[in-house]
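Protein chains: 2
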Amino acid sequence: MAWQPALEDTRFLLIDVLQAPGQLAPAVGSEMADASLWTQVLEEAGRFVAEQVAPLQAVGDSPGCRWEDGEVITPPGFREAYQAFWQAGWPALACAAEDGGQGLPWVLEGVLYEWLAGANHGWTMAPGLLHGAYECLRHHGSDELKSRYLGKIANGEWLATMCLTEPHAGSDLGLVRTRALPQADGSWRVSGSKIFISGGEHDLTDNIVHLVLARLPDAPAGPKGLSLLLVPKLLPDGRRNGVHCDRIEEKMGLHGSPTCAMRFEGATGWLVGEPHRGLGAMFVMMNAARVHVALQGVGLLDAAGQLARAYASEREQMRVPGPRDAARAADPIAGHPAVRRILDTQAAWVDGMRLLAYQTGLELDIAKHHPDAHRREEAALWCSLVTPVLKAACTAQAFHGASDCLQVFGGHGYTRDWGIEQIVRDSRVTMIYEGTNEIQAIDLLVRKCLPDGGAGVGRLFARLADDLPAGRDAAAGHEDMVRAALRDLVAATEHLAQAQRDDAEAPFWVAGDHLQACALVLLAWAWCRIGRHPGAQGPRWQAPAQAFWRWVWPEVGMRLGLLRASTS
Amino acid sequence: MAWQPALEDTRFLLIDVLQAPGQLAPAVGSEMADASLWTQVLEEAGRFVAEQVAPLQAVGDSPGCRWEDGEVITPPGFREAYQAFWQAGWPALACAAEDGGQGLPWVLEGVLYEWLAGANHGWTMAPGLLHGAYECLRHHGSDELKSRYLGKIANGEWLATMCLTEPHAGSDLGLVRTRALPQADGSWRVSGSKIFISGGEHDLTDNIVHLVLARLPDAPAGPKGLSLLLVPKLLPDGRRNGVHCDRIEEKMGLHGSPTCAMRFEGATGWLVGEPHRGLGAMFVMMNAARVHVALQGVGLLDAAGQLARAYASEREQMRVPGPRDAARAADPIAGHPAVRRILDTQAAWVDGMRLLAYQTGLELDIAKHHPDAHRREEAALWCSLVTPVLKAACTAQAFHGASDCLQVFGGHGYTRDWGIEQIVRDSRVTMIYEGTNEIQAIDLLVRKCLPDGGAGVGRLFARLADDLPAGRDAAAGHEDMVRAALRDLVAATEHLAQAQRDDAEAPFWVAGDHLQACALVLLAWAWCRIGRHPGAQGPRWQAPAQAFWRWVWPEVGMRLGLLRASTS
Numbered sequence: 001m002a003w004q005p006a007l008e009d010t011r012f013l014l015i016d017v018l019q020a021p022g023q024l025a026p027a028v029g030s031e032m033a034d035a036s037l038w039t040q041v042l043e044e045a046g047r048f049v050a051e052q053v054a055p056l057q058a059v060g061d062s063p064g065c066r067w068e069d070g071e072v073i074t075p076p077g078f079r080e081a082y083q084a085f086w087q088a089g090w091p092a093l094a095c096a097a098e099d100g101g102q103g104l105p106w107v108l109e110g111v112l113y114e115w116l117a118g119a120n121h122g123w124t125m126a127p128g129l130l131h132g133a134y135e136c137l138r139h140h141g142s143d144e145l146k147s148r149y150l151g152k153i154a155n156g157e158w159l160a161t162m163c164l165t166e167p168h169a170g171s172d173l174g175l176v177r178t179r180a181l182p183q184a185d186g187s188w189r190v191s192g193s194k195i196f197i198s199g200g201e202h203d204l205t206d207n208i209v210h211l212v213l214a215r216l217p218d219a220p221a222g223p224k225g226l227s228l229l230l231v232p233k234l235l236p237d238g239r240r241n242g243v244h245c246d247r248i249e250e251k252m253g254l255h256g257s258p259t260c261a262m263r264f265e266g267a268t269g270w271l272v273g274e275p276h277r278g279l280g281a282m283f284v285m286m287n288a289a290r291v292h293v294a295l296q297g298v299g300l301l302d303a304a305g306q307l308a309r310a311y312a313s314e315r316e317q318m319r320v321p322g323p324r325d326a327a328r329a330a331d332p333i334a335g336h337p338a339v340r341r342i343l344d345t346q347a348a349w350v351d352g353m354r355l356l357a358y359q360t361g362l363e364l365d366i367a368k369h370h371p372d373a374h375r376r377e378e379a380a381l382w383c384s385l386v387t388p389v390l391k392a393a394c395t396a397q398a399f400h401g402a403s404d405c406l407q408v409f410g411g412h413g414y415t416r417d418w419g420i421e422q423i424v425r426d427s428r429v430t431m432i433y434e435g436t437n438e439i440q441a442i443d444l445l446v447r448k449c450l451p452d453g454g455a456g457v458g459r460l461f462a463r464l465a466d467d468l469p470a471g472r473d474a475a476a477g478h479e480d481m482v483r484a485a486l487r488d489l490v491a492a493t494e495h496l497a498q499a500q501r502d503d504a505e506a507p508f509w510v511a512g513d514h515l516q517a518c519a520l521v522l523l524a525w526a527w528c529r530i531g532r533h534p535g536a537q538g539p540r541w542q543a544p545a546q547a548f549w550r551w552v553w554p555e556v557g558m559r560l561g562l563l564r565a566s567t568s
Numbered sequence: 001m002a003w004q005p006a007l008e009d010t011r012f013l014l015i016d017v018l019q020a021p022g023q024l025a026p027a028v029g030s031e032m033a034d035a036s037l038w039t040q041v042l043e044e045a046g047r048f049v050a051e052q053v054a055p056l057q058a059v060g061d062s063p064g065c066r067w068e069d070g071e072v073i074t075p076p077g078f079r080e081a082y083q084a085f086w087q088a089g090w091p092a093l094a095c096a097a098e099d100g101g102q103g104l105p106w107v108l109e110g111v112l113y114e115w116l117a118g119a120n121h122g123w124t125m126a127p128g129l130l131h132g133a134y135e136c137l138r139h140h141g142s143d144e145l146k147s148r149y150l151g152k153i154a155n156g157e158w159l160a161t162m163c164l165t166e167p168h169a170g171s172d173l174g175l176v177r178t179r180a181l182p183q184a185d186g187s188w189r190v191s192g193s194k195i196f197i198s199g200g201e202h203d204l205t206d207n208i209v210h211l212v213l214a215r216l217p218d219a220p221a222g223p224k225g226l227s228l229l230l231v232p233k234l235l236p237d238g239r240r241n242g243v244h245c246d247r248i249e250e251k252m253g254l255h256g257s258p259t260c261a262m263r264f265e266g267a268t269g270w271l272v273g274e275p276h277r278g279l280g281a282m283f284v285m286m287n288a289a290r291v292h293v294a295l296q297g298v299g300l301l302d303a304a305g306q307l308a309r310a311y312a313s314e315r316e317q318m319r320v321p322g323p324r325d326a327a328r329a330a331d332p333i334a335g336h337p338a339v340r341r342i343l344d345t346q347a348a349w350v351d352g353m354r355l356l357a358y359q360t361g362l363e364l365d366i367a368k369h370h371p372d373a374h375r376r377e378e379a380a381l382w383c384s385l386v387t388p389v390l391k392a393a394c395t396a397q398a399f400h401g402a403s404d405c406l407q408v409f410g411g412h413g414y415t416r417d418w419g420i421e422q423i424v425r426d427s428r429v430t431m432i433y434e435g436t437n438e439i440q441a442i443d444l445l446v447r448k449c450l451p452d453g454g455a456g457v458g459r460l461f462a463r464l465a466d467d468l469p470a471g472r473d474a475a476a477g478h479e480d481m482v483r484a485a486l487r488d489l490v491a492a493t494e495h496l497a498q499a500q501r502d503d504a505e506a507p508f509w510v511a512g513d514h515l516q517a518c519a520l521v522l523l524a525w526a527w528c529r530i531g532r533h534p535g536a537q538g539p540r541w542q543a544p545a546q547a548f549w550r551w552v553w554p555e556v557g558m559r560l561g562l563l564r565a566s567t568s
């Protein structure tokens, strides 16, 4: 079955339910906050992804990328699709006009990448890394560096990487050993080994721009001694720089994206930002990058659901329980409750998480550009707290939900023929990269919620609760329930802040439960939002709504219980 | 890290906690129920698996099996290991003495296969299929057929397959179309296509004995019209039979086991059992086969845990919370709560499920051989109800727990270097084959628990509750809690039996929750059993016990809530 862009659903959630143009207009101006412009962009995006990128999904998995004498050969068709992609202007969709971009809101870039990841996660890794490099260089690069590199990164003519990890330094970047020595001309000579570099070498573009974390000679130990350097594959004079790809990893999946072991041997580079302030420069784009990964999760789960729904409506096995057509030997498995529950549950996650991720996309722009300082602050709080929740919850559900979708295929799902097992394998890495999901949970609870005793999360949840009408309508039962859960979760967070004073370990044990509880209340809030829109009354939205309240929501009680037990 | 047999743990659970020799002596005689004989067998088994089979794990994944012109070439070393396996007498461990077996209790065969699956799931598929074929032929084969085939299947000189599935008939065997036509000499000519035939063709043994579900010319439609035929690869006179392997499936994992598409073209076969009674003949070995799969799950999860524990004790990243050695830059990740929770939780499942699966192994022998009819009946009830629970719960936890163990490795876990992602991929199929986990849940609830209004499950759970002392000791809190949950689950089952009268679909929606609730109360019972043994007081058993009560057990409340909500 060919992958389809969720154009109608996205339009409904973004424009009808969230009324995103109205929310964004004060921040980005009414010209860029225009529903019909957005619809046109999304239609074009959907067409491009479906026609150019989705057909390369299988070939991305096998043969995948090959390493040969330091070069990486991407699968047939990848380079052509990428060249078409950047020449059509897609990378620069949300880049500033002064950098050659179209200046559209971030959320449209988010939707584009959600669709790309669903259609072909491996291919999408390459352009996916551009955006962080663009933000980083835009905010921290010198004028000279920007004049040489920013435009070609913005428009995607050159691709970029983030070179952080070393064999002994994964989650703990403080252990990084790569060094940079100053040269007379103001450049630096960079030497060291990096691993897990997505797109470290490939044939999609002529040049590749690496952003490398390294230590200067006078650097203090630990994470505060790291600097960021820009190291191109080809030097400005056209010569090869001292940058080598020693191998690509054999992985569980994502074979369309080369994961490179890179060796920098006295490579020429230039400092980006201040010495020893490299981590700060990289963290500029942390929230946006994590929302990108969350949207990969949403896209992958949607793609898995598309495959499973199509299969379930064709495949006939056994009779459904209850009233049925006596003339048939077997019914489509889509009619079996066990299968319907799987399909509707994934839809409940996809729809709800879409709403939340799109709202987060809006908040990213509002935090930067809204004229009202209070609204900017509110938006910054939303991004700070909701981003780790979405990154972890969307990627975990992508993997587990794709595995549930595989189950719909029975033994056929375990073969490569149907494409579903590829999604299970490909999606698994999203739980690890851009900060493991465990680190997201610690970031949320220990770094962000506990230091102020739960005040910040209390403010965010009060905003969510205010948005739920206390009315007596049909949905009010849910809304009262969600309001109570928001209160309980804030209380549990406050208790953890107290418990931490006696037992520093206490919150670390339950950080994952806390994040999952946050995900569930956010999702519940999203379903309240969707549920009260008049356009959500048909079976398209009622089936996942019911699945959410019936099958997904009850977990919140268990998570709250685990949080309470940890402080009692 | 090299795989290790869990010799000490198994001995403790089987002999000290379950006192299995005492339980079995009345059924199998004291000579075969001898703890020191068992220990000796298990030591030998552990050595064989570790030395001969475990080293072939990586080569089983890659290159894996290859198909070439109808032949299947297994990975280097597979044939030699298999030849050593059968010549050492391992397949016949639990076969009857009159068939050339050693007549040892089933549970020892169970442990052997648990270890084999943990060490090398792919290789283990080949001999794993012998045991069902042996039981089937032993109980239903004619004397002539037995004299030709039973001995060589019992001792494993020839391997066997089960040919059930067809492209359009997976879970629904009633749709099978393969046909058998009678011949003058009493044989049958079998024609049709079968898929997903594990070990349908290979080079491990000279002959392969296929047990094929087919329809005779006068067969009624549906599952009651299926007959079972024995179709060998080589005919008694040495000629090739009309049995062809057209391809092997490209799969997500389990590349060490060839999954064959088989074509029978007028192949000569002989009826096993009565015409049209083929399903009954196959179901003889259903419980044992499903406990085998449950033990694969246990073995795979144990193997994943071994890898993750070894990695976590070596890998140093970031500081642990709380008091710590100031001189270090980073601590072993095994000290981080998020990692400890993952490791201890998997151990809680492995230990508890081992106890339950071993007790089920004992009940299989007790149901057949115990002199007391009431005890036999009790054992049959245990096997009938506990088997689907173990099959589904152990395999689901194998996959999800192995994925959690992969997470411990961070990005390294996603590469092929550490062997953990292979276990995730390999284990996924156990949730599908031998009856999907959804079908196990329906089998348990709809076929077994509801028809008698919950009486059977009430009897089984009363037996479990009787086994829990009502004392005032430290563990009594858990035991009272488990007793209450056993009662609640019986009550919920009774309500479902009533609800089904008005709504035939109702139990199908929550069959999975019901099975998982059963798994959790059984696991809790197992941990009560382990917890009150004096040998379980050290950290080896206390850490997983605490993880069980703290992290695993709370799910039971959520599942019971889902069951209650479905009937309210």
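Keeping their order, the protein sequence lines are chains A and B.
Counting in our numbering, the first sequence runs from 1 upward without gaps.
Counting in our numbering, the second sequence runs from 1 upward without gaps.
Just so you know, even glycine gets a beta-carbon here, dropped at the ideal spot from N, CA and C.
Source: prediction; values computed, not measured.
Here the alpha carbons of residue 481 of chain A and residue 92 of chain A stand approximately 43 Å from one another. Assignment of residue 328 of chain B by DSSP, reduced to helix, strand and coil, places it in the coil class. For a Cβ distance threshold of 7 Å, residue set 509 of chain B lies close to residue 341 of chain A, ordered along the chain. Our two residues, residue 167 of chain A and residue 227 of chain A, have alpha carbons roughly 18 Å apart in a direct line. The alpha carbon of residue 165 of chain B has as its nearest neighbour, out of B:305, B:99 and B:175, the alpha carbon of B:175. In the DSSP assignment, residue 224 of chain B falls outside any alpha helix (DSSP H), carrying neither H nor E. Secondary structure of residue 371 of chain A (DSSP, three-state): coil.
When secondary structure is reduced to three states using DSSP, residue 203 of chain A falls in the coil class, being assigned neither helix nor strand. DSSP places residue 122 of chain B inside the alpha helix (DSSP H), whose first and last residues are 106 to 128.
DSSP places residue 139 of chain B within a helical segment (H, G or I) once states are collapsed to three. Interface with chain B (9 Å Cβ-Cβ cutoff): residue 403 of chain A is included. Pairwise C-beta distances place the region 21 to 32 of chain B out of contact with the region 521 to 534 of chain A, as fewer than three of them are shorter than 8 Å.
Comparing C-alpha distances from residue 422 of chain B to each of B:234, B:349, B:56 and B:460 shows the shortest one belongs to B:56. DSSP places residue 176 of chain A in no alpha helix (DSSP H); its state is neither H nor E. The residues 530, in chain order, have a CB closer than 7 Å to that of residue 541 of chain A in the same chain once the five nearest residues on each side in sequence are set aside.
Interface criterion not met: the Cβ of residue 162 of chain A is under 9 Å from no Cβ in chain B. Excluding the 5 residues flanking it on each side, residue 536 of chain B has same chain C-beta neighbours closer than 6 Å at 530, in chain order.
In the structure shown, the three-state DSSP call for residue 391 of chain B is helix. Cβ atoms of residue 32 of chain B and residue 104 of chain B come within 8 Å of each other, at about 6 Å. For residue 88 of chain A, no alpha helix (DSSP H) segment is defined, and its DSSP state is neither H nor E.
Our two residues, residue 389 of chain B and residue 4 of chain B, have alpha carbons roughly 27 Å apart in a direct line. Inter-residue distance for residue 225 of chain B and residue 192 of chain B is about 16 Å (C-alpha atoms, whole angstroms). Shown here, residue 353 of chain A sits in a helix according to DSSP, grouped into three states. Just measuring C-alpha positions, the residue of A:319, A:281, A:344 and A:256 sitting nearest residue 308 of chain A is A:344.
Taking a contact as a CB-CB distance under 8 Å, the pair residue 543 of chain A and residue 402 of chain A does not count as one, their CB atoms being some 19 Å apart. For residue 467 of chain B, the closest of B:456, B:479 and B:458 by C-alpha to C-alpha distance is B:479. At least one CB of chain B lies nearer than 9 Å to the CB of residue 433 of chain A. For residue 210 of chain B, the pairing in a beta bridge is given by DSSP as B:161 and B:231.
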